[in-house]
DNA sequence: GACAGGTGTTACCGGGGGTAACATCGCGGG
DNA sequence: CCCGCGATGTTACCCCCGGTAACACCTGTC
């Protein structure tokens, strides 16, 4: 890919950025073109199709978040502190620009069938970083490849969903949220005591299980 | 909701189901109408708009998965076994009908801006079940409300992302996947030993952190 | 027979992504 | 000098999608 010798492209991306900032992803090509003071065909000449534009736009922002997460992952800290640092980095990132965050995290709805895109490309990269970090830093025995990969995806999805909820309803401070998630990864759910069993019978399920 | 005294509705939903099964979500109203042997306006009379149709369709399938998960959550087992049971139930569910699963898990792209839909409605219900189960079964002290809610979302997102990956690339058996995820929740990441530090310097990050 | 309600149709609207064809500028080389 | 060439821009169009208006039909009931 050409380094930066296409200033026009940058201009157009800036316009697209403004529109997305304002209207969220799903902004129409017409709107973006208008913001740039031009008409659609030019956009298509530069980016091929809508996906091309969106991809270019996300790659711009992804680099920042990805670099930040990667740096946090290789910080020379105790493991718990490092994990907290990574979590905090991610949450800070999505807190700063929610609209951009939405663009990064929400898988483009357009693609035809086929499973495997619960995680948008940007998040898949983050999952990959986590996987590599776990694999290279933690002793997991024979299963390490499988575990690292599954955990990379799992942790990413966990932080995505929890972060989304946090951003939406702001139930607590960022640091407290980081603690809550780190606690989950630290097995606090497993370690906590049982509550005195006051089992109330579940409402009758009316459909047979899948 | 009317019990079942609208057989026509059921018919239409069956047709819609077939189309979604075949083409994935994003199937057009025209396609669904054609499959049912009719034309669009009838669909709109019955379901209002596309969202209505999709919602009716998802609710059908959701009830099964949701009931199964709920049942698994209140199974009288040791905690670890119960968690594994829940994980297995979910994975078995998505394994059975991937297209339907996609419909359930992918948030409808249509809605205008606003964060908070990393989890589709069906998954939000599951998250709610987990939250309630944790809150009523586990002793988490003063923070229990916050932790239960955050964990409900987090665990759901984790299983979503990991399950998606598993379904896509089938890296291992279902039971092994269940083990991997349960291990993560049990703090195995935290407990494992460090690997001998062979730190290779990360490739220079070129963009400033977010 | 008139009315009501469900079933069905054709034809249209607005707007989305995407493209073809044409117009215009600036600029380097015969 | 002017020709061509490449980038920039335009208008006008295509197809498909979600959604709706208007009209036609059949069937049972009072």
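Protein chains in written order, with the numbering used here: chain G, 1 to 210; chain P, 1001 to 1210.
We put the CB at the ideal spot given by N, CA and C, even for glycine.
If you're wondering where the values come from, they're calculated on a predicted model, not measured in any experiment.
### Query
Who does residue 1194 of chain P pair with in a DSSP beta bridge?
G:138
### Task
Could you tell me how far apart the beta carbons of residue 1161 of chain P and residue 187 of chain G are, in whole angstroms, since I believe they sit closer than 8 Å?
At roughly 19 Å, the Cβ-Cβ gap does not stay under 8 Å, so residue 1161 of chain P and residue 187 of chain G are not in contact.
### For residue 1032 of chain P, the three-state DSSP class (helix, strand or coil)
helix
#### Entry: Identity of the residue in P:1172, P:1133, P:1127 nearest residue 143 of chain G by Cα
P:1172
### Task
Quick one: measure Cβ to Cβ for residue 131 of chain G and residue 148 of chain G, integer angstroms, because I've assumed they're closer than 8 Å.
5 Å
### Query
Can you find a CB in chain G that lies within less than 9 Å of the CB of residue 1028 of chain P?
no
### residue 12 of chain G: first and last residue of the uninterrupted alpha helix (DSSP H) it sits in
That run of the alpha helix (DSSP H) goes 7 to 23.
### Validate contact between the segment 1005 to 1021 of chain P and the segment 188 to 196 of chain G using beta carbons, cut 8 Å, 3 pairs
no
#### Entry: DSSP three-state assignment for residue 1143 of chain P, whether helix, strand or coil
helix
### Task
Select from P:1026, P:1041, P:1061 the residue whose C-alpha is nearest the C-alpha of residue 1014 of chain P.
Closest in alpha carbon position to residue 1014 of chain P, among P:1026, P:1041, P:1061, is P:1061.
### Message
Quick check: what's the CA-CA separation for residue 1095 of chain P versus residue 1167 of chain P?
### Response
7 Å
### Message
Tell me the rounded alpha-carbon separation between residue 138 of chain G and residue 1189 of chain P.
### Response
Spanning the two alpha carbons is a distance of roughly 8 Å.
### Query
With 9 Å set as the bound, which would you pick, yes or no: does the beta-carbon of residue 1125 of chain P sit closer than that to a beta-carbon of chain G?
no
### Query
Under the three-state reduction of DSSP, which class applies to residue 1097 of chain P: helix, strand or coil?
Here residue 1097 of chain P sits in coil by DSSP.
### Task
Using a Cβ cut-off of 8 Å, pull out every chain P residue sitting near residue 52 of chain G, in sequence order please.
By Cβ distance, chain P contributes nothing, its closest Cβ being about 18 Å from residue 52 of chain G, past 8 Å.
### Among G:155, G:58, G:43, G:30, nearest to residue 252 of chain G - alpha-carbon criterion
What the structure shows of chain G is the stretch from 1 to 210, and residue 252 of chain G is not part of that stretch, so it cannot be assessed.
### Between the CA atoms of residue 1180 of chain P and residue 141 of chain G - distance to the nearest angstrom
Approximately 13 Å, taken between the alpha carbons.
### Query
With 16 other CB atoms within 10 Å as the buried threshold, where does residue 1049 of chain P fall?
exposed
### Query
Can you name the residues of chain G whose CB is closer than 8 Å to the CB of residue 1171 of chain P?
146, 149, 150
### Query
Closest to residue 1106 of chain P by CA distance: which of G:30, G:36, G:118, G:46 is it?
G:118
### Message
Output needed in chain order: residues of the segment 153 to 167 of chain G with a Cβ under 9 Å from some Cβ in chain P.
### Response
153, 154, 155, 156, 157, 158, 159, 160, 161, 162, 163, 164, 165, 166, 167
### Message
Using a Cβ-Cβ distance cut-off of 9 Å, determine whether residue 1181 of chain P contacts chain G.
### Response
yes
### Task
With 8 Å as the limit, tell me which residues of the segment 1129 to 1144 of chain P have their beta carbon closer than that to any beta carbon of chain G; keep them in chain order.
For the segment 1129 to 1144 of chain P, which is checked against every Cβ of chain G, the residues closer than 8 Å are 1134, 1136, 1137, 1138, 1139, 1140, 1143.
### Message
Please report whether the beta-carbon of residue 117 of chain G lies at a distance below 9 Å from any beta-carbon of chain P.
### Response
yes
### Query
Looking at C-alpha atoms only, which residue of P:1053, P:1006, P:1046, P:1045 is the closest neighbour of residue 1028 of chain P?
P:1053
### Task
List the whole-angstrom C-beta distance separating residue 47 of chain G from residue 36 of chain G, where the pair is believed to meet the contact cut-off of C-beta under 8 Å.
Contact flag wrong, Cβ pair sits at about 12 Å.
### Distance, residue 1120 of chain P Cα to residue 127 of chain G Cα
CA-to-CA, the gap between residue 127 of chain G and residue 1120 of chain P works out to about 21 Å.
### Task
Have a look at G:177, G:16, G:123, G:67 and flag the residue whose alpha-carbon is nearest the alpha-carbon of residue 1153 of chain P.
Minimum Cα distance to residue 1153 of chain P is reached at G:177.
### Query
Taking the alpha helix (DSSP H) that residue 1051 of chain P falls in, what are its first and last residues?
1050 to 1073
### Query
From residue 51 of chain G to residue 45 of chain G, what distance separates their C-alpha atoms?
13 Å
### Query
Is the shortest distance between the beta-carbon of residue 188 of chain G and the beta-carbons of chain P less than 9 Å?
yes
### Cβ-based neighbour list, residue 1019 of chain P, same chain, cut-off 8 Å, excluding 5 preceding and 5 following
Correct list, in chain order: 1027, 1031, 1032, 1035.
### Contact test: residue 159 of chain G Cβ vs the ligand FMN heavy atom, cutoff 8 Å
With respect to small molecules bound, the structure shown includes none, and the ligand FMN cannot be examined in it.
### Query
Roughly how many angstroms lie between the CA atoms of residue 79 of chain G and residue 1134 of chain P, to the nearest whole one?
Between the alpha carbons of residue 79 of chain G and residue 1134 of chain P lies a gap of roughly 26 Å.
### Message
Taking the beta carbon of residue 145 of chain G as the centre, do at least 16 other beta carbons fall within 10 Å, making it buried, or is it exposed?
### Response
exposed
### Task
From the DSSP output, in three-state form, read off residue 1169 of chain P for me.
helix
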